[in-house]
Each structure stands twice: as C-alpha cells, then as structure tokens.
Amino acid sequence: MTQSKQERLSALKDYLSHAERPVSGDDLAKHFNVSRQVIVGDISLLRAKNVPITSTNRGYMMEGAGTLYRIFKCKHRDDQIVDELNLIVDLGAKVEDVYVEHRIYGKVEAEMNIKSRKDVRHFMDTIYDSVSTPLKNITNGYHFHTISAEDEETLEEVRSALDAHGFLVKE
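As structure tokens, this is what we get:
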C-alpha cells in the first residue's frame with residue numbers, strides 16, 4: 001500500500017524526531033520506499049513548514065524542542081582541538097558548528113554536530129586524512145562555536161571549563 005505525500009511527510013517527521021543519530025538520505029529512501037531525491041524534496045517541504053531539521057555530513061536529524069544554545073568565542077592551537085571538543089561533549093553538551101568572522105570573507109561556517117568522543121575522533125580523522133586545515137586557522141586561531149545543551153547549567157559548566165582551560169576569549 002502506497003502512502004500519500006502528506007502521510008509520508010508526517011511519518012518522516014515522526015521518524016526523525018525519534019532517531020538518536022543522523023539518518024542518511026539513502027536510509028530514509030529505503031525506509032519509505034521512495035527515491036533519495038523524493039526524500040530531499042520532502043525535507044525541503046518540512047523545513048518550509050518550520051520543522052527544525054538539520055543536515056549533517058552523516059544525514060538528517062531533528063533539533064530538540066527543549067534545546068538551549070549559546071555561542072562561545074574560542075582560541076587555541078591545532079594540538080588542542082581534541083581537548084576543546086572532548087571537554088564540551090564530556091559535560092553533556094553538543095558542538096553544533098564552528099564559524100569564523102573574517103574581515104574580507106565575512107562569516108564562514110561549518111556544521112559539526114559533535115556530541116560524543118566518538119564524533120570527536122571521527123572529526124579529527126577527517127581533518128588528518130585531508131589536505132584541509134581547521135577553519136580557525138584562517139583567523140589566527142580565533143573561532144566561534146554554537147553549543148547546545150538541555151539546560152542552562154550545562155552551558156554554564158561549558159563556559160567555565162573553556163575559561164579554565166584558556167580556550168575562552170573574553171571580550
């Protein structure tokens with residue numbers, strides 16, 4: 001039996017809201033028995049209806065309704081990236097993105113979606129296996145992270161820990 005488009009959109013929204021990790025477009029296409037292109041279109045329609053779906057390099061995921069966000073300005077060396085990211089995820093927070101404010105290019109941003117030490121290792125493996133350099137290097141180490149957590153206390157613990165380790169830039 002074939003689902004109507006509205007039924008599929010509702011089911012897709014429900015499926016993503018219960019997923020514990022990003023789900024690839026291919027996996028969604030198989031699950032709903034449609035093409036990947038149909039899934040891409042469905043995601044666009046849901047976003048147009050203000051459904052908070054995020055795209056990551058590992059798939060689609062729903063943003064949590066009760067999630068709080070805070071932006072931190074940081075600076076550190078390349079050999080401190082793992083320490084910075086682990087410090088954040090060990091406190092139960094998630095690194096949503098990294099961005100820099102460049103005087104010529106403006107805001108340059110990259111999604112991260114790092115919420116575990118496993119994600120940190122995967123991110124670092126990707127950096128080491130490529131010819132690319134961390135985004136922070138185009139602004140002499142200065143960069144911003146959008147951090148999310150379930151409560152204000154966790155965000156304050158992240159701020160305090162970043163400060164204690166010398167990663168937080170105070171303005």
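Once you know that position 106 of the sequence shown is 106 in the UniProt record's numbering, the rest is easy, because the numbers rise by one and skip nothing. Don't be surprised by glycine CBs; every beta carbon is placed ideally from N, CA and C.
Boundaries for Asp97: no alpha helix (DSSP H) harbours it, while the beta strand (DSSP E) harbouring it runs 94-102, taken from the DSSP string. When rounded, the separation of the alpha-carbon atoms in Arg117 and Lys107 is 27 Å. The C-alpha of His145 lies about 7 Å from the C-alpha of Glu96. It is roughly 20 Å from the alpha-carbon of Glu153 to the alpha-carbon of Gly166. The beta carbons of Leu168 and Ala93 sit about 14 Å from each other, so the pair does not count as a contact at 8 Å. Membership of Ser55 in the beta strand (DSSP E) is indicated by the continuous run 53-56. Pairing Gly25 with Lys75 gives a Cβ-Cβ distance that is not under 8 Å.
Taking all protein chains shown into account, Asn50 has fewer than 16 neighbouring C-beta atoms within 10 Å of its C-beta and is therefore exposed.
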